[in-house]
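Since the structure comes first, as structure tokens, the remarks are kept for the end.
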Amino acid sequence: MRNLFFARSSKSMSAATESISYLSSKLTPRPAQAGRSFLHDNPARMKIVVSGGTGFIGGALVQRLLQRRDEVLVISRRPENVRAGRGIAWSAADEVANADVVINLAGENVGGGRWTASRKRRILESRLKSTKTLVETMRRAPQRKPTFISASAVGFYGPRGDEIVDESSPSGAGFLADVTRQWEAAAHDADDVTRLVVFRFGVVLGPDGGALKQMMLPFRLGAGGPIGSGQQWMSWVDRNDVIRAIEWAIDRSEVRGAYNITSPEPVRNREFARALGRAMQRPAVMPTPGFALRLLFGDMAEEMLLAGQRVVPSRALREGFTFQYPTLESSLSANFSK
Numbered sequence: 204m205r206n207l208f209f210a211r212s213s214k215s216m217s218a219a220t221e222s223i224s225y226l227s228s229k230l231t232p233r234p235a236q237a238g239r240s241f242l243h244d245n246p247a248r249m250k251i252v253v254s255g256g257t258g259f260i261g262g263a264l265v266q267r268l269l270q271r272r273d274e275v276l277v278i279s280r281r282p283e284n285v286r287a288g289r290g291i292a293w294s295a296a297d298e299v300a301n302a303d304v305v306i307n308l309a310g311e312n313v314g315g316g317r318w319t320a321s322r323k324r325r326i327l328e329s330r331l332k333s334t335k336t337l338v339e340t341m342r343r344a345p346q347r348k349p350t351f352i353s354a355s356a357v358g359f360y361g362p363r364g365d366e367i368v369d370e371s372s373p374s375g376a377g378f379l380a381d382v383t384r385q386w387e388a389a390a391h392d393a394d395d396v397t398r399l400v401v402f403r404f405g406v407v408l409g410p411d412g413g414a415l416k417q418m419m420l421p422f423r424l425g426a427g428g429p430i431g432s433g434q435q436w437m438s439w440v441d442r443n444d445v446i447r448a449i450e451w452a453i454d455r456s457e458v459r460g461a462y463n464i465t466s467p468e469p470v471r472n473r474e475f476a477r478a479l480g481r482a483m484q485r486p487a488v489m490p491t492p493g494f495a496l497r498l499l500f501g502d503m504a505e506e507m508l509l510a511g512q513r514v515v516p517s518r519a520l521r522e523g524f525t526f527q528y529p530t531l532e533s534s535l536s537a538n539f540s541k
């Protein structure tokens, strides 16, 4: 959900060690339950509806679901342009009502530019409208109880400094926190007719778009480095782990409620810049001044670029989910090998 403006990283490996120690003391991962793994091909074909299925996350998710041999329907304003899965219009209510799983990823990019009043309105309304449309459709078919997986974001927690934040932490202050509260509340209107799963995603890293692609540009020009002080935390997650988490929620009926889907090792912005520089074999010594970002992007810079959250995925780990790329180095290595 974020791009260049999302860069929030780490100060040192000691910060990551501190986070690991905290998780080790708090969490006792539960062994995966018997039965087919959510990592294997799906022997029971399901009908899955995806909104936002042509985006950075949604496009990769649709490809994976098709590999599992699921029937995938992608809701789009222009269904004729859908290239993977079967495109359907938002008005195709019967298709949604008869789905086994509904996945809601739709919403305007929060990092697409300065937060003018009109952009803020679009950011909020795009999320509420898509979520309410899906919920209303599912409510009209009470004989079925589909799984409803609805996206959210770690912006729910607001800027938190060095505080370690998990699913038990309250929502915070700021525009993004307000948007995600309303977004999640709209999804919860389906609580009584669905198995609802809300995933609060961190900054999603992948090789062909999203935050990583945007952050690479200044490094290629030799102008990469930390943003502002570089001390703000970045809660990130590899896109492959996002897709694996969605599969996990699809395949495990006991998964329900809100989960942070972020790496167990959040990092500070400064360490993220160093790691990205190493992965690209480029310098990472040229900081971007905070005052310049405030002038260019206003509130968006203050909330998304110069502040952050130190989020950990306590529930997911405790309930048996494992991250394929738990460290920033492993994620960047995989992304730059593609």
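Residue numbers (this note's numbering): 204 to 541.
All C-beta atoms in this analysis are idealised placements derived from N, C-alpha and C, irrespective of residue type, glycine included.
Note that the structure is a prediction, hence the values are computed from the model and not measured.
When the distance is taken between beta carbons, is residue j closer than 7 Å to residue i?
{"i": "S374", "j": "N307", "result": "no"}
{"i": "A380", "j": "Y462", "result": "no"}
{"i": "T350", "j": "V299", "result": "no"}
{"i": "L408", "j": "L415", "result": "yes"}
{"i": "A302", "j": "V252", "result": "yes"}
{"i": "A426", "j": "M489", "result": "yes"}
Among the candidates the options, whose CA atom is the shortest distance from the CA of residue i?
{"i": "L508", "options": "G523, T491 and P516", "result": "T491"}
{"i": "W386", "options": "L327, V285 and G405", "result": "L327"}
{"i": "A388", "options": "A344, S432 and K335", "result": "K335"}
{"i": "K348", "options": "E468, I260, S456 and F422", "result": "S456"}
{"i": "G493", "options": "A482, L479, Q484 and N472", "result": "N472"}
{"i": "F404", "options": "W293, G358 and R271", "result": "G358"}
{"i": "G523", "options": "V338, W451 and I260", "result": "W451"}
{"i": "N284", "options": "G256, V304, R481 and A263", "result": "G256"}
{"i": "Q346", "options": "E370, R325 and V396", "result": "V396"}
{"i": "F500", "options": "Q435, T525 and R322", "result": "R322"}
{"i": "K332", "options": "V305, M503, A390 and N312", "result": "A390"}
{"i": "S432", "options": "R342, R481, A504 and L420", "result": "A504"}
{"i": "V275", "options": "S294, V488, G258 and V304", "result": "V304"}
{"i": "F539", "options": "L479, E506, T530 and M489", "result": "L479"}
{"i": "Q434", "options": "R521, I260, A476 and F259", "result": "A476"}
{"i": "I430", "options": "E506, G460, T465 and S371", "result": "E506"}
{"i": "F402", "options": "T530, R325 and R384", "result": "R384"}
{"i": "S466", "options": "V277, R325, S372 and V406", "result": "V406"}
Exposed or buried, residue i, counting other C-beta atoms within 10 Å across all chains shown (16 or more means buried)?
{"i": "Q266", "result": "exposed"}
{"i": "D444", "result": "buried"}
{"i": "S517", "result": "buried"}
{"i": "A320", "result": "exposed"}
{"i": "E474", "result": "buried"}
{"i": "R363", "result": "buried"}
{"i": "A376", "result": "exposed"}
{"i": "V338", "result": "buried"}
Quick check: what's the CA-CA separation for residue i versus residue j?
{"i": "A354", "j": "G412", "result": "18 Å"}
{"i": "D394", "j": "I291", "result": "25 Å"}
{"i": "D441", "j": "Q484", "result": "20 Å"}
{"i": "Q512", "j": "Y360", "result": "7 Å"}
{"i": "M437", "j": "A448", "result": "20 Å"}
{"i": "R281", "j": "E366", "result": "43 Å"}
{"i": "Y528", "j": "V515", "result": "14 Å"}
{"i": "W439", "j": "P486", "result": "22 Å"}
{"i": "R289", "j": "E532", "result": "36 Å"}
{"i": "G428", "j": "A296", "result": "48 Å"}
{"i": "V470", "j": "A309", "result": "27 Å"}
{"i": "A263", "j": "M249", "result": "18 Å"}
{"i": "L535", "j": "F526", "result": "14 Å"}
{"i": "A495", "j": "G314", "result": "16 Å"}
{"i": "R317", "j": "A344", "result": "40 Å"}
{"i": "E311", "j": "D369", "result": "25 Å"}
{"i": "P410", "j": "D392", "result": "35 Å"}
{"i": "S329", "j": "R271", "result": "30 Å"}
{"i": "K541", "j": "F259", "result": "16 Å"}
{"i": "R459", "j": "L269", "result": "24 Å"}
{"i": "D454", "j": "V400", "result": "12 Å"}
{"i": "R497", "j": "F378", "result": "16 Å"}
Which class does residue i belong to by DSSP, given the choice of helix, strand or coil?
{"i": "P232", "result": "Low per-residue confidence applies at P232: pLDDT is 40, beneath 50, and the placement is therefore not dependable enough to give any value."}
{"i": "Y462", "result": "strand"}
{"i": "N250", "result": "For clarity, residue 250 is Lys in the given sequence; the question names Asn instead. Correct three-state label for K250: strand."}
{"i": "S355", "result": "strand"}
{"i": "T350", "result": "strand"}
{"i": "F404", "result": "strand"}
{"i": "A237", "result": "Here the model assigns A237 a pLDDT of 30, short of 50, so the residue's position is not dependable and the matter cannot be decided."}
{"i": "D411", "result": "coil"}
{"i": "R513", "result": "strand"}
{"i": "R471", "result": "strand"}
{"i": "D303", "result": "coil"}
{"i": "D441", "result": "strand"}
{"i": "E366", "result": "coil"}
{"i": "W436", "result": "strand"}
{"i": "R521", "result": "helix"}
{"i": "G290", "result": "strand"}
{"i": "R398", "result": "strand"}
{"i": "V313", "result": "coil"}
Say whether chain C places a C-beta atom closer than 7 Å to the C-beta of residue i.
{"i": "P486", "result": "Here chain C cannot be found, since the structure has a single protein chain."}
The ligand GDP and residue i: does the residue's C-beta get closer than 6 Å to at least one heavy atom of that ligand?
{"i": "I446", "result": "Ligands are entirely absent from the displayed structure, and the ligand GDP is therefore not among its contents."}
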